[in-house]
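Residue numbers (the numbering used here), protein chains in the order written: chain U, 7 to 127; chain P, 7 to 127.
Virtual Cβ for every residue (Gly too), placed ideally from N, Cα, C.
The structure presented is a predicted model; accordingly, all values stated were derived computationally and were not measured.
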């Protein structure tokens, strides 16, 4: 985690994250294999910093959105923390680059290429 | 497909493959997110050519093995064809490199690094 702000509440608002060395390649690939989750990661990668869950306009229920963010967090792709009532999200780019150099970039590039190809169809 | 040998029988032995432009990133990532399938791809990448299904010693039933190879084929990661009674498999490395440059290499490198790290634990 690169975020350093204090978590605003403990207990039910705990958001467990895998340590860097616990991140498994298979979990990362699985998390990225779902189009909506891949879209979230692309959006976080394109932005400069962190985004709240409500910054994402996903065409699914709130509970499905929460599920997708949890899968990304538990796979080690993103960190999440509460700032007041907002749940903020950021990419764990440094952790992933240290563990799997070039992997995230190549997936993001592949996603860009695929999106461009589909736009041309 | 780079394989050019004739398929030995039609009908029930058809093995449908997606055309290069039909290969979807999400399907590729999903196929690679299962440890046994990732292992099959690593073995095919390490070898020079093609391998028959029975060259792989997987600790699962034959039907599970068949399932994993089918997922890989339908995702566009491998080609499969019959030579006599043997089902042969090869990586669609050129197709993947053309569609998603660097992606397969970065996944294979990540898998190598993870395997090395686990070996040290």
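Review point. Where does residue 108 of chain U sit, in a helix, a strand or coil, going by DSSP?
Key: On the first chain, residue 108 of chain U is found 102 positions in, with the first residue counted as 1. Note: residue 108 of chain U maps to coil in three-state DSSP.
Practice item. Report the residues of the segment 39-52 of chain P with a CB closer than 8 Å to any CB of chain U, ordered along the chain. Key: Within the segment 39-52 of chain P, the residues whose Cβ lies closer than 8 Å to some Cβ of chain U are 39, 40, 41, 44, listed in chain order.
Practice item. Could you work out which residue in U:117, U:20, U:36 is closest to residue 78 of chain U when comparing CA atoms only? Key: Numbered from its first residue, the first chain carries residue 78 of chain U at position 72. Answer by Cα proximity: U:36.
Practice item. Go ahead and pull the three-state DSSP assignment for residue 114 of chain U. Key: Mapped onto the first chain, residue 114 of chain U falls at position 108. Helix, per DSSP.
**Study point:** Start-to-end residues for the alpha helix (DSSP H) that takes in residue 87 of chain P
**Key:** Translated into the one-based positions of the second chain, residue 87 of chain P becomes position 81. Not the alpha helix (DSSP H): residue 87 of chain P falls in the beta strand (DSSP E), residues 84-89.
Check your understanding: Is the shortest distance between the beta-carbon of residue 106 of chain U and the beta-carbons of chain P less than 9 Å?
Key -> Mapped onto the first chain, residue 106 of chain U falls at position 100. Closer than 9 Å: yes.
Review point. Using CA coordinates, which residue listed in U:73, U:21, U:58, U:32 is at the minimum distance from residue 102 of chain U?
Key: Within the first chain, residue 102 of chain U is the residue found at index 96, counting from 1. The shortest C-alpha separation from residue 102 of chain U is found at U:32.
Exercise for review: Give the DSSP-derived three-state secondary structure of residue 57 of chain U in the structure shown.
Suggested key: Here residue 57 of chain U corresponds to residue number 51 of the first chain, with the count starting at 1. Looking at residue 57 of chain U - three-state DSSP - the assignment turns out to be strand.
Check your understanding: With burial defined as no fewer than 16 other Cβ atoms inside 10 Å of the residue's Cβ, what is the status of residue 113 of chain U: buried or exposed?
Key -> Against the first chain, residue 113 of chain U aligns to sequence position 107. Residue 113 of chain U is buried by the Cβ-count criterion.
Exercise for review: Tell me, please, which residues DSSP counts as bridged to residue 42 of chain U.
Suggested key: Within the first chain, numbered from 1, the residue matching residue 42 of chain U stands at position 36. Bridge partners of residue 42 of chain U: none, in fact.
Practice item. For residue 56 of chain U, count neighbouring C-beta atoms within 10 Å of its own C-beta (all shown protein chains included) and say buried if the count is 16 or more, exposed if not. Key: By 1-based counting over the first chain, the position of residue 56 of chain U is 50. Answer is buried; the Cβ neighbour count reaches 16.
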